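Some notes on the structure that comes next.
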Amino acid sequence: TDDKKPLVELEVMVHFTPKSIFDTPEYRAWCDSFGSGVDHLTLHSAESLETRVSLDVDSPFLSGISGGIRRSFVNEKLFPSPILKQYSDDSRKGDGSKLSIIEGRPLLDYVLMPKSRRGLNESSLKDIYSPALKDDLHKEAMDSGAVEQASTIMSSGTMSSGTDESSTNLGELIFTGTGSAVPCKHRNVTGKYLRMNNGNSMLLDVGEGTVGQLLRSWKSTLPGDVNAIHEYRSRLEGIKAVWISHPHAD
148 TDDKKPLVEL EVMVHFTPKS IFDTPEYRAW CDSFGSGVDH LTLHSAESLE TRVSLDVDSP
208 FLSGISGGIR RSFVNEKLFP SPILKQYSDD SRKGDGSKLS IIEGRPLLDY VLMPKSRRGL
268 NESSLKDIYS PALKDDLHKE AMDSGAVEQA STIMSSGTMS SGTDESSTNL GELIFTGTGS
328 AVPCKHRNVT GKYLRMNNGN SMLLDVGEGT VGQLLRSWKS TLPGDVNAIH EYRSRLEGIK
388 AVWISHPHAD
């Protein structure tokens, strides 16, 4: 009956919607209809790299991120830092809305049971990429001599910029994966694509998902006025050899 509390109460909603939809008045009004006692946990999907950057979504893969930070110390132009931002201590949005909105982030802890502890675990809001970690990685990069050697190479001019189209030795090398036999969200399995200026190319130790990785890479570099389908077909037809260094039991 109306005078009795429902057996089940809505306590938290998880939103996988793009941020552009979540921020619309219509969507916010729909969220409001569930009452002020509901937490809204946002895990916004990113339709593009630009959206991902705008959402400040960092990766929880500490090993891969640590390697990326080290490489950025060697040469930040060639290896941009994978760290997009530093989190503040407050995960809740102060947008003036009466909604209780919690922004999802790597390693965030939200407790459902027991009910006495339900809600956001404040201790999980720490920055997993602390300044101390970055200082340690910077010291490792400096002590290895890689930073000094990279600076010497760049200043000596021995590294080609790749803009001299008159040279037939210039080509394109794409690493479609460097994850050995274990793929993960941060690194695909091993694969390399080598293409010369005449259009001919070869694949080296191609793992699963290599073609998909190539299509993603090509899509990100194609000018807007180029017929993508025609360019993809031309590049795939230009693969003249597949080199396999070793077999697997499977």
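For the sequence shown, my numbering begins at 148 and goes up steadily by one. Built from N, CA and C at the ideal position, the CB exists for glycine as well. Because the structure is a prediction, the values reported are computed rather than measured.
Inset, instruction - Using DSSP bridges, identify the partner residues of V161. - result: The partner list for V161 (beta bridge, DSSP) reads L188.
Inset, instruction - Quick one: using the 10 Å Cβ neighbour count with 16 as the cut-off for buried, is R380 buried or exposed? - result: exposed
Inset, instruction - Tell me whether the beta-carbon of V258 lies closer than 8 Å to the beta-carbon of R252. - result: no
Legend entry - Host alpha helix (DSSP H) of E287 (start-end): P278 to S291
Legend entry - Own chain residues within Cβ distance below 8 Å of S327, not counting five before or after: V336 and T337
Legend entry - Own chain residues within Cβ distance below 8 Å of K387, not counting five before or after: In its chain, beyond the 5 residues on either side, N347, S348 and M349 have a beta carbon closer than 8 Å to the beta carbon of K387.
Inset, instruction - Have a look at G318 and S277 and give me their C-alpha separation to the nearest angstrom. - result: 39 Å
Legend entry - Alpha-carbon spacing of H187 relative to E378, whole angstroms: Linking H187 to E378 through their CA atoms gives a straight-line distance of about 44 Å.
Inset, instruction - Quick one: measure Cβ to Cβ for S364 and I321, integer angstroms, because I've assumed they're closer than 8 Å. - result: 5 Å
Inset, instruction - Identify the continuous alpha helix (DSSP H) that holds E250 and give its terminal residues. - result: Not the alpha helix (DSSP H): E250 falls in the beta strand (DSSP E), residues S247 to E250.
Legend entry - E173 versus S180 - alpha carbon distance: 11 Å
Legend entry - For R175 and L246, believed in contact at Cβ under 8 Å, the rounded distance: 7 Å
Legend entry - Burial state of V353, where buried means 16 or more other Cβ atoms lie within 10 Å: buried
Inset, instruction - Going by DSSP, name the residue or residues bridged to D390. - result: The sequence given here places Trp at residue 390; Asp does not occur at that position. Answer is L351.
Legend entry - Helix, strand or coil at L369 [DSSP, three-state]: coil
Inset, instruction - Measure the alpha-carbon distance for I391 versus L351 and round it to whole angstroms. - result: Their backbone Cα atoms lie some 6 Å apart in a straight line.
Legend entry - Neighbour-count burial assignment, L361, 16 or more Cβ in a 10 Å radius: buried
Legend entry - Residues bridged to G324 [DSSP beta-bridge criterion]: G338
Legend entry - Delimiting residues of the alpha helix (DSSP H) encompassing L255: Annotation for L255: no alpha helix (DSSP H) segment contains it, and DSSP assigns it neither H nor E.
Legend entry - Nearest-angstrom Cα separation, counted from M160 out to C178: 9 Å
Inset, instruction - Could you give the DSSP three-state label for E156: helix, strand or coil? - result: coil
Legend entry - Beta-carbon proximity list for T189, same chain, < 6 Å, skipping 5 on both sides: Sequence-distant partners of T189 (beyond 5 residues in either direction) whose C-beta falls short of 6 Å from its own C-beta, in its chain, are H162, E250 and G251.
Legend entry - Where E269 sits in the DSSP three-state scheme: helix
Inset, instruction - Look at the Cβ atom of R342, then the Cβ atom of G371, and state whether they are nearer than 8 Å. - result: no
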